[in-house]
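Residues in the sequence shown are numbered from 9 upward in steps of one, following the working numbering. Report on the structure given below.
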Amino acid sequence: MIYLDYQATTPVGPEVAAAMRPWIEEKFANPHSPSRWGREAAAAIEVARSRVEQAIGLAGGSFAFTSSATEALNWAIKGTFENNNRRKLVTVSTEHAAVLDTAEWLEGKGIEIVRLQVGSDGLVDLDLAEALIDDRTSMVSVMLVNNEIGVIQQVADLARMAHSVGALMLCDAVQGFGRLPIPDGPDLIAISGHKIHGPKGVGGLWMRAGAEPEPLLHGGGQEQGLRSGTLSPSLCVGLGEAAHLAAERREADAVHVQKLSELALATLGSGWIINGSTERRYRGNLNIRRENLDGARLISDMRNIAFSLGSACASGSGRPSHVLRAIGLSDRAARSSIRLGFGRYTGEEELASACRRINEAAHEQTRLTA
Ligand code: PLP
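Structural data, given as structure tokens:
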């Protein structure tokens, strides 16, 4: 099996699994209990928290653990509108469902939602954004790296625009964290463990001091009174270890990923078109299309290679990806697109072999349908 679906999830790092093991097998104490065991677990969680904060690398804020980035994004958006009299959210049509569906829910409650369109490169037009971010705006929510097509939005510029009208900036950094430096600017940043070789079921929200949203989950108030629920020491320690490794290996990982991307493109050869900007993109995401290809059929034909259509969510629904539609692709062109995702644990040999097989199968399929 060759795994080329790094945007859906990443393999758990061996160091991460080792760090988590004692907290699953022996150390079962409740980290919020005052016993010695409880205090030991709480201390391990604090080490993990500071590792995540260091990897985020911004001053003047703190990190709260959540069950996922989906929870962090729901919390950031709903909790900010609870806090604020302004009634307008500016986001982008290519955001993840965790943002777009939350925005739609708020729209049903009377909040004005602006969904900025993107160009064929997948990027927000900054002049248009500036015209639409005004003093009625409470929040601007823009992702760092797009999960489907890998393009990198101009988060620092958009944060400046948000701040100039007194709005907060939320950044969904799930696909960028640990891979690129997080630009200074956002007041709220959502991340997820399983996209950085950490465990699933844990993520969190970094909050600039003073920008903390109202709680989404009420109860014991375990996370600074802002988020309730008993923390899982194993998941928090796993996320902390993954963040620490990602920060330590960021440059080496980036060099490896750049090499893999060049190798994949050279092996695939001509006839493939990259979806979205070829310059402002994270290189571990190759969303490509080929005329007349049936991407879904290709995926089911290639049983030993795991890759994706535009996104895991879009694949499940059978709907063409909203991101590929937003960059101007027809339904047909969107359906002829596939997403290859690779990273730290992908070998050059296996990637070249997978790309050769994908290319041959795609040639065969399009030759028969031509
Ligand atoms: N945002 C982006 C860009 C993602 O890729 C994902 C995961 O698919 C999420 C948010 C949601 O993350 P989680 O799986 O932690 O809820």
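Note that CB positions come from ideal geometry on N, CA and C, so glycine has one too.
Using DSSP's beta-bridge definition, name the partner residues of residue i.
i	result
Tyr-11	Ala-314
Arg-216	Gly-69
Ile-296	Ile-282, Ile-346
Leu-124	Val-100
Cys-380	Lying outside 9 to 378, the shown extent of the chain, residue 380 is not represented and no answer is given.
Cys-179	Ile-197
Ser-2	For the chain, the structure presents residues 9 to 378; residue 2 sits outside this window and is missing.
Can you list, in chain order, the residues of its chain with a C-beta nearer than 6 Å to that of residue i? Leave out the 5 residues immediately preceding and following it.
i	result
Ile-85	Thr-110
Lys-208	His-202
Pro-194	Ala-167, Met-177, Cys-179
Gln-125	Ser-101
Asp-143	Val-173
Ser-269	Arg-291
Ala-25	none
Ala-320	Summary for Ala-320: the model assigns pLDDT 47, below 50, so the residue's position carries little reliability; its value from the coordinates is reported in the next sentence. For Ala-320, where only same-chain residues beyond five positions count, the Cβ hits under 6 Å are Ala-16.
Ala-198	Ala-77, Ala-80, Leu-81, Asp-180, Leu-213
With distances taken Cα to Cα, identify the nearest neighbour of residue i among the options.
i	options	result
Asn-367	Ile-281, Ala-51, Val-100	Ile-281
Lys-117	His-104, Leu-134, Leu-224, Lys-96	Lys-96
Lys-35	Ala-106, Ala-52, Gly-21	Ala-52
Arg-235	Pro-241, Glu-220, Ser-242	Glu-220
Glu-48	Trp-31, Glu-103, Ser-75, Tyr-14	Trp-31
Gly-292	His-40, Leu-348, Arg-343, Glu-79	Leu-348
Leu-224	Ile-296, Arg-216, Gly-233	Gly-233
Asn-155	Leu-253, Asn-295, Thr-275, Ile-335	Asn-295
Gly-87	Met-147, Ile-157, Val-265	Met-147
Leu-12	Val-20, Ser-316, Gly-65, Gln-161	Ser-316
Leu-66	Asp-129, Ala-72, Ile-190, Gly-186	Ile-190
Gly-184	Gln-162, Gly-277, Asp-339	Gln-162
Thr-287	Ala-164, Ile-160, Ala-198, Ile-313	The amino acid occupying residue 287 in the given sequence is Glu; Thr does not appear at that position. Answer by Cα proximity: Ile-160.
Thr-374	Ser-338, Glu-23, Met-310, Leu-306	Leu-306
Pro-19	Ala-369, Leu-239, Ile-204, Glu-256	Ile-204
Glu-90	Glu-231, Thr-78, Ile-119	Ile-119
His-104	Cys-363, Met-215, Ala-170, Ala-80	Ala-80
Asp-165	Leu-131, Cys-363, Ser-240	Leu-131
Ser-128	Ile-335, Ala-369, Ile-199	Ile-335
Asn-92	Gly-46, Thr-145, His-40, Leu-108	Thr-145
Use the C-beta contact count for residue i: other C-beta atoms within 10 angstroms, 16 or more gives buried, fewer gives exposed.
i	result
Met-151	buried
Ala-137	buried
Gly-69	buried
Asn-283	buried
Glu-259	exposed
His-226	exposed
Gly-277	exposed
Val-263	exposed
Leu-376	exposed
Gln-395	With the chain represented from 9 up to 378, any question about residue 395 goes unanswered, as that position is not in the structure.
Asn-300	exposed
Thr-74	buried
Asp-133	exposed
Met-9	exposed
Thr-238	exposed
Whose C-beta lies closer than 7 Å to the C-beta of residue i among residues of the same chain, with five residues either side of it excluded?
i	result
Leu-271	Glu-356, Leu-359, Ala-360
Ala-56	Cys-244, Val-245, Leu-247, Gly-248
Tyr-14	Gly-292, Gly-349, Phe-350, Gly-351
Ala-342	Gly-318, Pro-328, Ser-329, Leu-332, Arg-333
Arg-59	Gly-248, Ala-251, His-252
Gly-279	Arg-298
Gln-62	Ala-255
Glu-23	Glu-249, Leu-253
Using C-beta distances below 8 Å, list every residue in its chain close to residue i, excluding the 5 sequence neighbours before and after it, in chain order.
i	result
Ile-346	Asn-295, Ile-296, Arg-297, Leu-301, Gly-303, Leu-306, Ile-307, Phe-315, Ser-316, Leu-317, Ile-366
TODO: Considering only heavy atoms of the ligand PLP, list every residue whose Cβ is less than 6 Å from one of them, following chain order.
DONE: Ser-76, Ala-77, Thr-78, His-104, Ala-106, Met-151, Asn-155, Asp-180, Val-182, Gln-183, Ser-200, Gly-211
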